[in-house]
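In the working numbering, the protein residues as written are 2 to 179.
What follows is the structure, encoded as structure tokens:
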């Protein structure tokens with residue numbers, strides 16, 4: 002876990018220059034390894050606690066919708082796969098309700114190979130570097146506070162090898178504008 006914290010600090014320091022203020026701080030609680038069509042069983046348990054920091058949108062990237070860079074760390078309460086990384090998110094919608102797609106690159110501490118003794122099936126994640134697409138459906142409670150139903154997925158899309166079961170997480174996230 003100490004390595005994940007170091008990685009998060011390095012990733013945060015390497016983000017492109019943005020204004021000195023942060024856009025928001027976010028935190029959420031997630032069900033770990035939700036069964037969806039995007040994943041195979043990796044046989045993990047627990048819940049995930051995710052925290053992150055979203056910077057102001059990058060005005061210079063107006064052509065691609067002014068994404069906001071963010072850093073994220075997710076810790077699994079059962080000691081299974083935790084991860085940390087950095088990515089870009091887009092907030093679509095100016096009213097009370099919005100959609101927030103995002104994608105990040107993360108490093109995790111889970112197994113890249115995990116062979117089941119009885120079946121010989123590999124349940125490992127296949128790579129220590131994964132993509133982390135996510136989607137949030139949000140409601141702005143006030144100018145500074147929003148609540149999101151959030152889906153996060155980690156996998157490598159078979160770009161780093163054939164083994165790619167992925168893990169889906171679903172939960173609620175609070176966003177606090179700073």
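Note that CB positions come from ideal geometry on N, CA and C, so glycine has one too.
With DSSP collapsed to three states, give me the class of residue i.
i: residue 160; result: coil
i: residue 61; result: helix
i: residue 96; result: coil
i: residue 36; result: coil
i: residue 118; result: coil
i: residue 44; result: coil
i: residue 126; result: coil
i: residue 166; result: coil
i: residue 110; result: coil
i: residue 90; result: strand
i: residue 29; result: strand
i: residue 68; result: coil
Are residue i and residue j close, meaning C-beta to C-beta below 9 angstroms?
i: residue 127; j: residue 157; result: yes
i: residue 28; j: residue 174; result: yes
i: residue 94; j: residue 71; result: no
What distance in whole Å lies between the Cβ atoms of residue j and residue i, which are believed to be in contact at a cut-off of 8 angstroms?
i: residue 50; j: residue 76; result: 5 angstroms
i: residue 109; j: residue 135; result: Rounded, the Cβ-Cβ distance is 15 angstroms, inconsistent with contact.
i: residue 169; j: residue 34; result: 7 angstroms
i: residue 125; j: residue 112; result: 4 angstroms
Which residues in the same chain have their Cβ closer than 7 angstroms to the Cβ of residue i, if we skip the five residues on either side of it in sequence?
i: residue 123; result: 114, 115, 116, 164
i: residue 22; result: Because the pLDDT at residue 22 is just 46, under 50, the model does not fix this residue reliably, and the value given afterwards should be weighed accordingly. Within the same chain, residue 22 has close Cβ partners 57, 179.
i: residue 140; result: 97, 98, 147, 148
i: residue 32; result: 48, 170, 171, 172
i: residue 30; result: 48, 50, 172, 173
i: residue 119; result: none
Sorted by chain position, which residues of the same chain lie with C-beta nearer than 8 angstroms to residue i's C-beta, five sequence neighbours on each side aside?
i: residue 144; result: 178
i: residue 176; result: 25, 26, 27, 55, 139, 146, 147, 148, 149
i: residue 142; result: 148
Which residue or residues does DSSP assign as beta-bridge partners of residue i?
i: residue 148; result: 140, 175
i: residue 77; result: 49
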